[in-house]
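Written below as structure tokens is the structure these notes are about.
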Amino acid sequence: MKVFSLIKLAVLSFSFISVVSAQPFPDKTIQYIIPFPPAGESDLVARYQADISAKKFKQPMVVMNRAGAGGALVWSALNTYPADGTTVVGVNIPHTILQPLQEGIQYKTDDINAIYYYHFTPDALMVSADSPYKTYQELIAAAKKDPGKINLAGSAQYSANHMAVERLNQLAGVKINYVPFKGTGDLITALIGMHVDGAMGYLPLAIQQKSKVRTLAIATEKRNPALPDVPTFKELGLNWVDGAYRGVAVPKATPLVLQQKMSDYFAQLNADPETKKKLEDSGFVIVDIPLSKMPAFMKEKIPQAMEDAKNAGMIK
């Protein structure tokens, strides 16, 4: 009996030590800034992460929304935030690659010091459940009949949504107008209420709103189990598997040891089985890109995004 009690005590002690060692800042609260309004994909995942951080690792994490200029308000200020490791900012690709191409944007891609990317959201072409367009083919036929008449909503200028609409124009041979909103959450009402003809959003939104929207196509390799009747763009004859990557960044002045500490911590949050299943069931594709792999990842993604912009006629 004593031996059993000692073993039980040892297991409990080890578990306690493991949780404590997982906390990057036991005596501080992590400030997690999302540069978009509530209810979008970035906000949703940040709140999942904050919840598991508090419950499983006992590390306080507070999510704050500071929307503005399609994310540029926060990204322009990133390197003015405290560089003590406890302040992280949500970042998106290709937003932070393409957005600085706009006149008046106050940051450059090199200013964004990303330390971890945790998921990928495939593009999704959607219309309201009450829309007259029942299929991708019907929407494209209408766009070809009246060039420039169809409007698709999306999140921000020079974003993954913007690029996806331009890609649709190029691959399908149509002229569809892009209508930018501040964030995914803001465009939901316009989409459902048919204030726009449709939206180019992401698969998680399509799944979340599947009773209110009709998804016409998704940019994945295979159909998604949550939307088994929705074809992929590849099935429809378009060579298209793409979307947006999301992660976190810290100010450049943050000591490397603290950058690594936070990168490791987000990797732990991302690997949590409960959160991982919840995200995958919601349409997120989990990736694991830590600080050590960031240079190679950016070396791959920057040319891809710039080529997309060039093909869309956004740059020469």
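Going by our numbering, the first residue of the sequence shown is number 1, and it counts up by one from there.
All residues carry an ideal CB built from backbone N, CA and C; glycine is no exception.
Taking only three categories from DSSP, how would you classify residue i?
{"i": "Tyr158", "result": "coil"}
{"i": "Leu191", "result": "helix"}
{"i": "Asp242", "result": "coil"}
{"i": "Thr87", "result": "strand"}
{"i": "Ile289", "result": "strand"}
{"i": "Met64", "result": "strand"}
{"i": "Asp123", "result": "strand"}
{"i": "Arg185", "result": "For clarity, residue 185 is Gly in the given sequence; the question names Arg instead. In this structure, Gly185 counts as helix in the three-state DSSP scheme."}
{"i": "Arg214", "result": "strand"}
{"i": "Ser128", "result": "strand"}
{"i": "Gln259", "result": "helix"}
{"i": "Val174", "result": "coil"}
{"i": "Pro303", "result": "helix"}
{"i": "Gln137", "result": "helix"}
{"i": "Ala114", "result": "strand"}
{"i": "Met314", "result": "coil"}
{"i": "Leu98", "result": "helix"}
{"i": "Leu152", "result": "strand"}
{"i": "Gly198", "result": "strand"}
{"i": "Gln31", "result": "strand"}
{"i": "Ala267", "result": "helix"}
{"i": "Ala253", "result": "coil"}
{"i": "Ser5", "result": "Any reading at Ser5 needs caution, since the residue's pLDDT is 49, under 50, leaving its predicted position unreliable; the model's value is listed next. In the structure shown, Ser5 sits in a helix (DSSP, three-state: H, G or I)."}
{"i": "Val230", "result": "coil"}
{"i": "Pro180", "result": "strand"}
{"i": "Gly247", "result": "strand"}
{"i": "Asn79", "result": "helix"}
{"i": "Ile207", "result": "helix"}
I'd like the list of long-range same chain contacts for residue i, defined as Cβ closer than 8 Å, with 5 residues on each side in sequence excluded.
{"i": "Gly193", "result": "Ser128"}
{"i": "Lys222", "result": "Thr232"}
{"i": "Ser131", "result": "Met194, Asp197, Gly198, Arg214"}
{"i": "Ile315", "result": "Leu101, Met306, Ala309"}
{"i": "Lys301", "result": "Ile93, Pro94, Ile97, Tyr245"}
{"i": "Ala259", "result": "Residue 259 is actually Gln in this sequence, not Ala. Contacts found: Gly85, Asn113, Ile115, Val250, Leu291."}
{"i": "Ala312", "result": "Met163, Glu166, Arg167, Asn169, Gln170"}
{"i": "Ala253", "result": "Asn79, Ala83"}
{"i": "Lys261", "result": "Pro24, Gly85"}
Looking only at its chain, what residues have a beta carbon closer than 7 Å to the beta carbon of residue i, apart from the 5 residues adjacent to it on each side?
{"i": "Trp240", "result": "Arg167, Leu171, Ala219, Phe233, Lys234"}
{"i": "Arg66", "result": "Ile33, Pro35, Leu73, Val74"}
{"i": "Ile176", "result": "Ala143, Ile150, Leu152, Val165, Leu168, Asn169"}
{"i": "Asp111", "result": "Leu78, Asn79"}
With burial defined as no fewer than 16 other Cβ atoms inside 10 Å of the residue's Cβ, what is the status of residue i: buried or exposed?
{"i": "Gln99", "result": "buried"}
{"i": "Leu44", "result": "buried"}
{"i": "Leu256", "result": "exposed"}
{"i": "Ile115", "result": "buried"}
{"i": "Thr29", "result": "exposed"}
{"i": "Thr275", "result": "buried"}
{"i": "Thr189", "result": "exposed"}
{"i": "Gln208", "result": "buried"}
{"i": "Ala141", "result": "exposed"}
{"i": "Gln59", "result": "buried"}
{"i": "Ala46", "result": "buried"}
{"i": "Pro273", "result": "exposed"}
{"i": "Ser76", "result": "buried"}
Are the CB atoms of residue i and residue j nearer to each other than 7 Å?
{"i": "Val91", "j": "Ala249", "result": "yes"}
{"i": "Pro204", "j": "Gly283", "result": "yes"}
{"i": "Ala244", "j": "Ala124", "result": "no"}
{"i": "Gln31", "j": "Thr87", "result": "yes"}
{"i": "Val353", "j": "Phe120", "result": "Outside the displayed range of the chain (1 to 316) lies residue 353, so it cannot be described from this structure."}
{"i": "Leu236", "j": "Ala217", "result": "yes"}
{"i": "Leu78", "j": "Val89", "result": "yes"}
{"i": "Ile247", "j": "Tyr48", "result": "As written in the sequence, residue 247 is Gly, which differs from the Ile given in the question. No, Cβ-Cβ distance for Gly247 and Tyr48 is not below 7 Å."}
{"i": "Val165", "j": "Met200", "result": "yes"}
{"i": "Lys144", "j": "Val179", "result": "no"}
{"i": "Ile52", "j": "Leu191", "result": "no"}
{"i": "Pro61", "j": "Ala69", "result": "Per the sequence presented here, residue 61 reads as Met, with Pro not at that position. Against a cut-off of 7 Å, the Cβ pair of Ala69 and Met61 comes out as no contact."}
Note down, in chain order, each residue of its chain lying with its Cβ closer than 6 Å to the Cβ of residue i, except the 5 sequence neighbours on either side.
{"i": "Met64", "result": "Ile33"}
{"i": "Tyr265", "result": "Pro24"}
{"i": "Ala39", "result": "Gly185"}
{"i": "Tyr133", "result": "Val127, Leu139"}
{"i": "Gly104", "result": "none"}
{"i": "Phe297", "result": "Ile289"}
Segment contact, 8 Å Cβ cut-off, at least three pairs: the region 178-190 with the region 149-157: As far as the Cβ criterion goes, the region 178-190 touches the region 149-157, which means the pair count is three or higher.
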